[in-house]
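Protein chains in written order, with the working numbering: chain A, 76 to 304; chain B, 7 to 223.
For glycine and all other residues, C-beta sits at the position ideal for the given N, C-alpha and C.
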């Protein structure tokens, strides 16, 4: 074990941390918007829209993320009209390709989590809200959504961990985040285990923080469970 | 061809993962503190770091470890693990960590009264394991193992970084050679979809057959 090398590699690895964090936070934020839209579409009651949304979820959950990233990064450039469109300055950059692929991927998984949570809200609560004279939109905003968001937190925590790990795939399309830097340094120094331990520890710390944050959110959203204890 | 290799890696890794998972689950449920800590360490680490890193570790470091283990047994000379073995080991270790948790949960959900009843009937430990614990565990574990299988199948795509000619690697080469990446990655996506769809159907049938003794409400 070369402790000096491990210690010296830390600053360079942490240099990739900012990119890793950008990928995580960016795709989680955008993915939440996608998930919200898709979950609503899947519960809309319109057959066509529901089938389309279900197809999106099926495709993105059924294929490896690596395929999705390559499809976006290498695949989209094949088409003339995409290269000519206003989107090309974005889709030419591996950074935006990674964000797009990660967003679509987490959007599909999260929409299922959210849909399950919305369906788990007791029908009686919706009926009660309607009986109080709330409109459908108001009942959704004040009753269904808050309860659903609290319900989905444990499952969403798993998804966050998966996303932290998924950002490592961005290294395959030349992005120098933590895994990319680790791979380059392994190629330079052949110190496989030392660098693996440093990179792995960074991800473990990220995941540890992520689980704490989700736990904290769960604690904040369940005051009624605390009061009785 | 690539698809056959993908299925081969996935099936071997899943089988290896179940063996590791059973060992891991028995370690977690044993009364030995050392085994508990060891198994906890394994599942926490492997589930907490990216799959790609685990594959890089074994790809770059696997042969070195194999060589030093062989050296400890008095064999000098270098052992080079081939890409298939490394792929199966790496994906299997990842799959095993998830299987450990699934199997542990399933074992714990077998009601203890059933084991007591079996003991009261005079069954030996092995007979209880074979006739009561394993069939019940299988029933509880199947949905979870189905998820692990889907993860394993998709993780095999990452093995393409080790130059093993599975589906993803072949696609990558073909896409580079023909300059039609969308077509080829699209085809790969469809093939993966077919694989996951078939396996979902198979797991549903397995679940029905494992649950045949359960009365429906």
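- In the structure shown, residue 172 (chain A) adopts helical secondary structure according to DSSP, grouped into three states.
- About 18 Å separates the beta carbon of residue 115 (chain B) from that of residue 24 (chain B), a gap too long to meet the 8 Å contact definition.
- Nearest neighbour of residue 193 (chain A) by Cα position, chosen from A:289, A:140 and A:225, turns out to be A:225.
- In this structure, the CA atom of residue 116 (chain A) is about 17 Å from the CA atom of residue 180 (chain A).
- When secondary structure is reduced to three states using DSSP, residue 77 (chain A) falls in the coil class, being assigned neither helix nor strand.
- Contact annotation: residue 215 (chain B) and residue 109 (chain B) have beta-carbon atoms that are not nearer than 7 Å.
- For residue 99 (chain B), the enclosing alpha helix (DSSP H) starts and ends at 89-114.
- Judged by their CB atoms, residue 212 (chain B) and residue 148 (chain B) are nearer to each other than the 7 Å cut-off.
- Under the Cβ criterion of 7 Å, residue 97 (chain A) is not counted among the residues facing chain B.
- Following the DSSP letters along the chain, one finds residue 185 (chain B) in no alpha helix (DSSP H), marked with neither H nor E.
- Nearest Cα to residue 102 (chain B) within the set B:48, B:130, B:122 and B:197: B:48.
- If you draw a 10 Å sphere on the C-beta of residue 168 (chain B), you find 16 or more other C-beta atoms in it, and that means buried.
- For residue 15 (chain B), same chain residues with a beta-carbon under 8 Å away, outside a window of 5 residues either side, are 90, 93, 94, 97, 162, 165, 170 and 172 in chain order.
- Nearest CB-CB separation between residue 256 (chain A) and chain B: not below the 7 Å threshold.
- Taking the beta carbon of residue 188 (chain B) as reference, the chain A residues within 9 Å of it are 146, 149, 150, 151, 152, 153 and 154, listed in sequence order.
- Between residue 253 (chain A) and residue 88 (chain A), the CB-CB gap stays under 7 Å.
- Any Cβ of chain B closer than 7 Å to the Cβ of residue 183 (chain A) would place that residue at the interface, and such an atom is absent.
- Listed along chain A are 267, 268 and 271, each with a C-beta nearer than 8 Å to that of residue 67 (chain B).
- Exposure of residue 37 (chain B) is indicated by the presence of fewer than 16 other C-beta atoms within 10 angstroms of its C-beta.
- In this structure, residue 84 (chain A) sits near residue 270 (chain A), with a CB-CB distance shorter than 7 Å.
- Residue 280 (chain A) sits exposed, since fewer than 16 C-beta atoms from the chains shown fall within 10 Å of its C-beta.
- Around the CB of residue 282 (chain A), 16 or more other CB atoms lie within 10 Å, so the residue is classed as buried.
- Sorting B:55, B:12, B:186 and B:39 by C-alpha distance to the C-alpha of residue 238 (chain A) places B:55 at the top.
- Per DSSP, residue 165 (chain B) lies in no alpha helix (DSSP H) segment and is marked neither H nor E.
- Below the 9 Å Cβ cutoff, chain B contributes 55, 56, 57, 58 and 59 as neighbours of residue 243 (chain A), in chain order.
- With at least 16 other beta carbons inside 10 angstroms of its own, residue 244 (chain A) counts as buried.
- For the set B:185, B:186, B:209 and B:159, the Cα lying nearest the Cα of residue 139 (chain A) is the one of B:159.
- DSSP places residue 153 (chain A) in no alpha helix (DSSP H); its state is neither H nor E.
- Interface with chain B (7 Å Cβ-Cβ cutoff): residue 208 (chain A) is excluded.
- Taking 7 Å as the cut-off, the Cβ atoms of residue 188 (chain A) and residue 222 (chain A) do not count as close.
- Taking C-beta atoms under 8 Å as the contact rule, residue 146 (chain A) and residue 8 (chain B) fail to qualify, at a distance of about 16 Å.
- Unbroken alpha helix (DSSP H) runs of no fewer than 4 residues, entirely contained in the region 203-229 of chain A, are found at 211-214, following chain order.
- Of the other Cβ atoms in all chains shown, 16 or more fall within 10 Å of the Cβ of residue 143 (chain A); this residue is therefore buried.
- Taking 7 Å as the threshold, the shortest C-beta distance from residue 100 (chain A) to chain B does not fall below it.
- Sequence-distant Cβ neighbours of residue 18 (chain B) in its own chain, meaning closer than 6 Å and more than five residues away, are 94.
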